[in-house]
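Q: Shown below is the structure under consideration.
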Amino acid sequence: MKVNIFTLFPEMFTGFITESIIGKAVENKLLEINIINIRDFCYDKHKQADDTPFGGGAGMVMKPEPLFRALENCVGKIIYTTPQGETFNQKLALDLASEEEINIIAGHYEGIDERVVETKVDLEISVGDFVLTGGELPAMIITDCIARLIPGVIKKESYENDSFFNGLLDYPQYTRPQEYKGLCVPEVLLSGHHKNIEIWRLKQSLKRTLLRRPDLLKNRELTKQEKKLLTEIKKELEQDR
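Count the sequence shown with my numbering and you get residues 6 to 246, in order.
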């Protein structure tokens with residue numbers, strides 16, 4: 006998969022594309038990330054990529070000419086990171102992971118000229134109901150999330166157990182040592198009984214989701230086993246009150 010990121014601050018991506026899982030994916034040619042400096046498409050002497058907004062107001066707006074030039078030969082969806090966009094989630098990440106190539110415009114200042122949005126942008130994405138200094142971090146978040154879903158980047162069973170992938174929050178995780186400062190790992194995880202471990206993990210996922218994100222359960226079609234476990238969980242919570 007190829008991801009092209011258009012930014013005014015390319016240096017921000019140096020560590021992102023070379024470290025950890027993303028770095029390995031790039032090294033193994035499972036993922037190609039191109040960081041494109043929008044200023045390279047500014048043809049004036051000062052490489053000016055922004056200007057004051059028509060109608061007045063605070064801040065600056067990214068100019069249309071450099072962006073139109075930069076996007077002229079783009080292949081694949083063009084995404085613009087903006088607080089006004091569709092909220093990014095795992096389902097959207099799965100949809101985008103099926104694309105061969107995507108392009109992400111990292112907005113900055115007060116945003117980009119609306120003419121670029123109207124004629125070039127296919128999808129506006131927000132990473133949450135808050136405002137950041139620029140779109141570089143959202144571009145990294147979107148790329149990181151999609152990269153995990155590319156075959157070979159991580160094991161399939163790893164991301165299938167992630168929070169939100171199956172509509173539930175993840176279950177608690179434990180590792181060695183077995184006991185630390187009097188805190189012990191649940192016995193079921195040491196039993197070697199795979200079926201019991203699977204049931205315990207599902208129950209813990211359901212419990213966490215019920216307590217922390219009950220809205221996720223409203224949109225989920227529960228299996229018979231999940232309904233049974235949820236009933237048990239609710240009874241246990243009632244008893245603990």
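Note that the Cβ used here is the ideal one computed from N, Cα and C, for glycine as well. Note that the structure is a prediction, hence the values are computed from the model and not measured.
For R225 versus L174, is the C-beta distance shorter than 9 Å?
A: Not in contact: R225 and L174 (Cβ atoms no closer than 9 Å).
Q: Is DSSP giving M145 helix, strand or coil here?
A: M145 falls in the helix class under three-state DSSP.
Q: Roughly how many angstroms lie between the CA atoms of K161 and P88, to the nearest whole one?
A: Taking the straight line joining both Cα atoms gives about 31 Å.
Q: State buried or exposed for P156, treating a residue as buried only when at least 16 other CB atoms are found within 10 Å of its CB.
A: Exposed.
Q: Put Q53 into one of helix, strand or coil per three-state DSSP.
A: It is coil, neither helix nor strand.
Q: Just to confirm my understanding: we take A63, look at its own chain, exclude 5 residues before and 5 after, and list those with CB closer than 8 Å. What are they?
A: The residues are E115.
Q: Need the endpoints of the beta strand (DSSP E) that E129 sits in, please.
A: Segment L128 to S131, the beta strand (DSSP E) holding E129.
Q: Buried or exposed: F59, going by 16 or more other Cβ atoms within 10 Å of its Cβ?
A: Burial call: exposed.
Q: Between which two residues does the alpha helix (DSSP H) harbouring E243 extend?
A: From DSSP, the alpha helix (DSSP H) with E243 extends over K229 to D245.
Q: Measuring CB atoms only, is the stretch 22-30 touching the stretch 75-88, in the sense that at least three cross pairs come out at less than 8 Å?
A: Short answer: they don't touch.
Q: Can you list, in chain order, the residues of its chain whose CB lies under 8 Å from that of E104, leaving out five sequence neighbours each side?
A: For E104, where only same-chain residues beyond five positions count, the Cβ hits under 8 Å are M6, G81 and K82.
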